[in-house]
Amino acid sequence: MKKTTKRGFTLIELLVVISIMGLLSSVVLSSVQRARKKADDTQRNQIVGEYVKALALAFKEVRGVLTWKLHSQVQFNPPSGSTTI
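Sequence positions in the sequence shown follow the numbering used here and run 2 to 86.
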């Protein structure tokens with residue numbers, strides 16, 4: 002009788018590889034989420050910095066006297082059924 006050998010992967014080998022892939026993907030996703038949060042925080046800090054610069058420039062231009070005027074052309078028409086404060 003001839004001995005036939007079948008080549009292939011065992012179930013244990015496949016489960017180990019799938020487990021390693023799952024572990025690696027969870028580590029990568031965690032890193033991506035942290036990087037995305039850091040990028041969002043950086044963008045928000047830049048926007049706030051621009052607002053601070055704009056307010057400082059406006060304050061300097063009016064020599065410390067801020068006046069708020071409502072232009073007669075500005076109209077506010079809330080949608081029907083909404084509540085205004």
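Backbone N, C-alpha and C fix where the C-beta goes; we use that ideal spot for every residue, glycine too.
DSSP state of residue i mapped onto helix, strand, coil
i, result
"Phe60", "helix"
"Lys7", "coil"
"Ser81", "coil"
Chain D within 8 Å of residue i, Cβ atoms only
i, result
"Gln44", "Included in the structure is just one protein chain, with no chain D present."
Reference residue i; option with closest CA among the options
i, options, result
"Leu12", "Thr5, Ser20, Thr6", "Ser20"
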